[in-house]
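Colleague: Dropping a structure here in structure tokens format, bear with me for questions.
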């Protein structure tokens, strides 16, 4: 028996599949699924970002996932093509669960929720010819005893120098707009530190020293993070991760973060308006502390990738220039902008649906660069126009130079390779925004 694990690619505004070679940021889902599959089954992984899907392969079962957005629709197309060829298809993952109204019509079996505790049952049902239409997890895995992902399958692809790793799953915060909260119901679990260190050591033996934690909030439990980071210090590695702000307002803890090898933190600042944060249940962020925390992080040579969102009810057109001035002055290394998205399953979606503010329910367009709801203080076209205009302002060569070079600190100069990487990433990001952006909205 042979199983193909497949990850679908996004499409740009022209409908073209986005290809990225090498794949600098790799997902962990497909190598993880391959690792938890019984050893008597042959496995293969394919990622459409770096290769074409081979529909004529000798597969008995195909398992498809995606990172959301237009890739969810593409996953449905891939599934349809395999099913035309007589293959059985299982689909799963966060987007497949959230957009189940769409995905359940394009597969033989849909997995809602986490798959670990159901995977053997799904395989056995397939072998008996009795796949169920829907498998829904009733409980969450405690993350103990998970095997090392099949990195050996991943490194056969055109990947970059950064390997994915996982220490925690979920987030305990109740943010109203967040799909992670909707999917995991605020559950937060941690892998045994020894298991995480084992995975690092496997990858180090394969020649890798740079890692991306795919965790949604690696700092949610500071006691666990301290234990993990202390164990990582002897490894002498470099790592990057998403993180929430509360734990970072601590100089001693930041020293440990630095000593464990952190080069970059991806932080959801979201907005500089405290009222917005209070209204979306993210009141633990405090904009009056942003600049001091940013300064402390930068002094330790750690770069900041920040998520910023626009379209909140308190936002008007002045928010774009205010945000630009704030984060340019702070010298954030990599600002990433998002239009607020009311994702199905979130409290934000429920509120907007009840208020009649959703413009449509074409979920393939529910992504961070399209307006799918009626803003309060702008038209949808104005919000979209100002969003793209701000992206352009942040990523002019002059703005990149100011954020990365003029606003640098002594701590950064000790990490010259990372310094160069950030400049390269900024210009690659500028190019990606230009390629992926939608046509300017008519205001």
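Residue numbers (this note's numbering): 260 to 702.
No residue lacks a Cβ here, since even glycine has one placed at the ideal position from N, Cα and C.
Under three-state DSSP, which class holds residue 701?
Modeller: The pLDDT assigned to residue 701 is 40, lower than 50, so where the model puts this residue is not dependable; a value taken from the coordinates is nonetheless given after this. DSSP places residue 701 in coil when its eight states are reduced to three.
Colleague: If you reduce the DSSP assignment to three classes, tell me which class residue 522 lands in.
Modeller: The answer is strand: DSSP assigns residue 522 an E or B state.
Colleague: Do you know how far the Cα of residue 468 is from the Cα of residue 641?
Modeller: Straight-line Cα distance between these residues: approximately 44 Å.
Colleague: State the DSSP-derived secondary structure class of residue 261, mapped to helix, strand or coil.
Modeller: Of the three classes helix, strand and coil, the one that applies to residue 261 here is strand, per DSSP.
Colleague: Is the beta carbon of residue 617 closer than 9 Å to that of residue 653?
Modeller: Against a cut-off of 9 Å, the Cβ pair of residue 617 and residue 653 comes out as no contact.
Colleague: At a cut of 8 Å, does the region 512-530 reach the region 489-498 through at least three beta carbon pairs?
Modeller: Yes, the region 512-530 touches the region 489-498.
Colleague: Look at residue 265 and residue 323 and say whether their C-beta atoms are less than 9 Å apart.
Modeller: Result yes, Cβ atoms of residue 265 and residue 323 sit closer than 9 Å.
Colleague: Buried or exposed: which applies to residue 418, given that a residue is buried once 16 or more other Cβ atoms fall within 10 Å of its Cβ?
Modeller: With 16 or more other Cβ atoms within 10 Å, it is buried.
Colleague: Whose C-beta lies closer than 8 Å to the C-beta of residue 658 among residues of the same chain, with five residues either side of it excluded?
Modeller: Answer for residue 658: 587, 652, listed in chain order.
Colleague: Which residue spans inside the region 280-319 form an unbroken beta strand (DSSP E) run of at least 3?
Modeller: The region 280-319 contains these whole beta strand (DSSP E) runs: 301-306.
Colleague: Can you name the residues that DSSP bridges to residue 497?
Modeller: According to DSSP, residue 497 bridges with 469.
Colleague: Hey, how far is the Cα of residue 552 from the Cα of residue 345?
Modeller: Using only the alpha carbons, I get a separation of about 55 Å.
Colleague: Per DSSP, which residues does residue 321 bridge with? Please list them.
Modeller: BP columns for residue 321 point to 263, 348.
Colleague: Once the 5 residues before and after residue 395 are set aside, which same chain residues still bring their CB inside 7 Å of it?
Modeller: Excluding residues within five positions, the ones whose Cβ falls inside 7 Å are 371, 372.
Colleague: Consult DSSP for residue 564 and reduce its assignment to one of helix, strand or coil.
Modeller: Looking at residue 564 - three-state DSSP - the assignment turns out to be strand.
Colleague: State the beta-bridge partners of residue 447 as determined by DSSP.
Modeller: Residue 447 is bridged to 429.
Colleague: As an exercise, report each continuous beta strand (DSSP E) stretch of at least 3 residues that is fully enclosed by the region 371-397, in chain order.
Modeller: Runs found: 393-395.
Colleague: Please go through the region 575-621 and give each complete alpha helix (DSSP H) segment of 4 or more residues, from N-terminal end onward.
Modeller: If we require 4 residues or more, the alpha helix (DSSP H) runs fully inside the region 575-621 come out as 577-589, 606-613.
Colleague: Would a C-beta distance cut-off of 9 Å place residue 314 and residue 336 closer than the cut-off?
Modeller: No; because the gap between Cβ atoms is not below 9 Å, this pair is not in contact.
Colleague: Given residue 598, which residues of its chain have a CB within under 8 Å of its CB, disregarding the five upstream and five downstream residues?
Modeller: Within the same chain, residue 598 has close Cβ partners 568, 569, 570, 627, 628, 629, 630, 642, 643, 646.
Colleague: Return the CA-CA distance between residue 682 and residue 663, expressed in angstroms with no decimal places.
Modeller: Cα-Cα distance, rounded: 7 Å.
Colleague: Out of curiosity, what's the CA-to-CA distance linking residue 429 and residue 291?
Modeller: Cα to Cα, residue 429 sits roughly 16 Å from residue 291.
Colleague: Kindly indicate which three-state DSSP category residue 276 falls into: helix, strand or coil?
Modeller: Note: residue 276 maps to strand in three-state DSSP.
Colleague: What first and last residue would you give for the alpha helix (DSSP H) that runs through residue 357?
Modeller: Segment 353-357, the alpha helix (DSSP H) holding residue 357.
Colleague: Taking only the alpha-carbon atoms, compute the straight-line gap between residue 405 and residue 458 and give it to the nearest angstrom.
Modeller: Near 10 Å, if we compare the C-alpha coordinates of residue 458 and residue 405.
Colleague: Applying the criterion that 16 or more other CB atoms from any shown protein chain within 10 Å of the CB defines a buried residue, is residue 408 buried or exposed?
Modeller: Label assigned to residue 408: buried.
Colleague: Using alpha carbons as the reference points, say which of 620, 589, 611, 564 lies closest to residue 680.
Modeller: The residue with the shortest Cα to Cα distance from residue 680 is 564.
Colleague: For residue 491, does the three-state DSSP call read helix, strand or coil?
Modeller: Residue 491: helix per DSSP, three-state reduction.
Colleague: Just the Cα atoms here: how many angstroms apart are residue 382 and residue 293?
Modeller: Taking the straight line joining both Cα atoms gives about 12 Å.
Colleague: Specify, as a first and last residue, the run of the alpha helix (DSSP H) that residue 552 falls within.
Modeller: It spans 546-558 - the alpha helix (DSSP H) in which residue 552 sits, taken as one unbroken run.
Colleague: Tell me which same chain residues have a C-beta within less than 7 Å of the C-beta of residue 391, skipping the five on either side of it?
Modeller: 368, 384.
Colleague: Residue 418 bridges to which residues according to DSSP?
Modeller: Looking at the DSSP assignment, residue 418 forms a beta bridge with 282.
Colleague: Bridge partners for residue 569 per DSSP, in chain order?
Modeller: According to DSSP, residue 569 bridges with 598.
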